[in-house]
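In this note's numbering, the protein residues as written are -10 to 270.
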């Protein structure tokens, strides 16, 4: 799950950091440009499209990428997001799902509610505990259970029980910090599915698609000397916002989401959005 890239020159980085420190405390205006030819090999692959259709995401999800013009530091995130969502070019590109298969656009945006996600996990070994706790079998088969209904979902196997139901002991195999990992969010999204979802009996495809999506959205490099991973991207989940036109989501539902990742090396902002006004589980 590692994407090797050429490091940006230290000289350029140092100049940008020094300039940013000089202007710290001053009001910064970030400008954004849409990148319509951005490549998402995982999201746009034939296999991903086929499984998105099966899992009920097709027609309800998209990705977009933008560039930005100034060195960004994490303490500037509130200003960054306000500038981003109120940028005319961003507004014209980003779509939000309404009702009856209608898409709209955000108007003037304020009161953005968001949370930062962890991005320390870069290996599918993170999910080994699923087999260790008899949620899946050694051959990858997901163990079934009697149907239960919780939080908008019918739970018919041990995997969804582990993800959704804190009253069961297997819920705790993933800590609260684990559940803040972006890789966990991607995996959970695929497992729970979209508007009408045909669930998998075996877990491997959930792993495969999670892996390629993660590589699309997060910039991970390996230090050539220490061989340690260096995760450059910052990841945020946009939970809600006030818009003068269409709302961000048509209804409040766990599978309606917007993720925003920032690649400070290439100055990219990537959006992954999914929403529906009905879910038939």
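The C-beta atom is built at its ideal place from N, Cα and C for all residues, glycine as well.
field: Identity of the residues DSSP links to residue 109 by a beta bridge
entry: The sequence position of residue 109 within the chain shown is 120, counting from 1. Beta-bridge pairing links residue 109 to no other residue.
- request: Could you check the C-alpha separation between residue 168 and residue 174 for me, to the nearest Å?
  value: Position 179 of the chain shown, counted from the start, is the residue given in the question as residue 168. Position 185 of the chain shown, counted from the start, is the residue given in the question as residue 174. Residue 168 and residue 174: Cα-Cα distance of roughly 7 angstroms.
task: Determine, using beta-carbon pairs with one atom in the region 235 to 250 and one in the region 260 to 269, whether at least three such pairs fall under 8 angstroms.
output: yes
task: Please classify residue 269: is it buried, with 16 or more other beta-carbons within 10 angstroms of its beta-carbon, or exposed?
output: Counting from one through the chain shown, the residue named residue 269 turns up at place 280. By the neighbour-count rule (16 or more Cβ atoms within 10 Å), residue 269 is not buried but exposed.
field: Segment limits, alpha helix (DSSP H) that includes residue 56
entry: Residue numbering aside, residue 56 sits at position 67 when the chain shown is read from its first letter. Not the alpha helix (DSSP H): residue 56 falls in the beta strand (DSSP E), residues 50 to 57.
- prompt: Who are the near neighbours of residue 201 in its chain, counting only those whose CB is closer than 6 angstroms to its CB and skipping five residues on each side?
  reply: Here residue 201 corresponds to residue number 212 of the chain shown, with the count starting at 1. Only 31 meet the Cβ criterion.
task: Would you list, in sequence order, the uninterrupted beta strand (DSSP E) runs of no fewer than 3 residues that lie entirely inside the region 165 to 211?
output: 209 to 211
field: Beta-carbon proximity list for residue 192, same chain, < 6 angstroms, skipping 5 on both sides
entry: The sequence position of residue 192 within the chain shown is 203, counting from 1. The residues are 125, 129 and 131.
- request: State the Cα-Cα distance for the pair residue 10 and residue 62, rounded to the nearest angstrom.
  value: Here residue 10 refers to the residue found at position 21 of the chain shown. Here residue 62 refers to the residue found at position 73 of the chain shown. Per-residue confidence for residue 10 stands at a pLDDT of 49, beneath the threshold of 50, marking its modelled position as unreliable; the derived number appears in the next sentence. Rounded to whole angstroms, residue 10 to residue 62 spans 10 angstroms at the Cα level.
- prompt: What is the DSSP secondary structure of residue 72, reduced to helix, strand or coil?
  reply: On the chain shown, residue 72 is found 83 positions in, with the first residue counted as 1. The answer is helix: DSSP assigns residue 72 an H, G or I state.
Euclidean distance between Cα positions of residue 94 and residue 258: Locating residue 94 in the chain shown gives position 105, counting from the first residue. Locating residue 258 in the chain shown gives position 269, counting from the first residue. Answer to the nearest angstrom: the Cα atoms are 18 angstroms apart.
- request: Consult DSSP for residue 102 and reduce its assignment to one of helix, strand or coil.
  value: By one-based count along the chain shown, residue 102 stands at place 113. Of the three classes helix, strand and coil, the one that applies to residue 102 here is strand, per DSSP.
query: Given that a residue counts as buried once 16 or more other Cβ atoms are within 10 Å of its Cβ, and exposed if not, what is residue 170?
result: Taking the chain shown and counting its residues from 1, one reaches residue 170 at position 181. The residue in question, residue 170, is buried, as its Cβ has 16 or more Cβ neighbours within 10 Å.
message: So, for residue 261: in the same chain, excluding its five sequence neighbours on each side, which residues have a beta-carbon less than 6 angstroms away from its beta-carbon?
response: Here the question's residue 261 lines up with position 272 in the chain shown. Here the set comprises 52 and 248.
query: Just checking my contact of residue 160 with residue 176 at CB under 8 angstroms: how many whole Å lie between their CB atoms?
result: Reading the chain shown from its first residue, position 171 is the one you call residue 160. Reading the chain shown from its first residue, position 187 is the one you call residue 176. Not quite, the Cβ-Cβ distance comes to about 15 angstroms (not below 8 angstroms), so this is no contact.
field: Helix, strand or coil at residue 228 [DSSP, three-state]
entry: Within the chain shown, numbered from 1, the residue matching residue 228 stands at position 239. Looking at residue 228 - three-state DSSP - the assignment turns out to be strand.
- prompt: Among all the DSSP beta bridges, which residues are the ones paired with residue 60?
  reply: Mapped onto the chain shown, residue 60 falls at position 71. According to DSSP, residue 60 bridges with nothing at all.
C-alpha gap between residue 100 and residue 231, whole angstroms: Mapped onto the chain shown, residue 100 falls at position 111. Mapped onto the chain shown, residue 231 falls at position 242. Between residue 100 and residue 231, the C-alpha separation is close to 6 angstroms.
query: Along the chain, where does the beta strand (DSSP E) that runs through residue 246 open and close?
result: As a position in the chain shown, residue 246 is number 257, starting the count at 1. 246 to 252 is the span of the beta strand (DSSP E), which, as asked, contains residue 246.
- prompt: For residue 48, does the count of other Cβ atoms within 10 angstroms reach 16, so buried, or fall short, so exposed?
  reply: Within the chain shown, the letter at position 59 stands for residue 48. Result: exposed.
- prompt: Is it true that the CB of residue 233 sits closer than 7 angstroms to the CB of residue 78?
  reply: The sequence position of residue 78 within the chain shown is 89, counting from 1. The sequence position of residue 233 within the chain shown is 244, counting from 1. No, they are not a contact pair.
message: For residue 180, count the other beta carbons within 10 Å of its own beta carbon; 16 or more makes it buried, fewer makes it exposed. Which is it?
response: Mapped onto the chain shown, residue 180 falls at position 191. The residue in question, residue 180, is buried, as its Cβ has 16 or more Cβ neighbours within 10 Å.
- prompt: Are the region 15 to 31 and the region 203 to 216 in contact at 8 angstroms, needing three or more beta carbon pairs?
  reply: yes
message: Quick check on residue 150: does DSSP put it in helix, strand or coil?
response: Against the chain shown, residue 150 aligns to sequence position 161. Correct three-state label for residue 150: helix.
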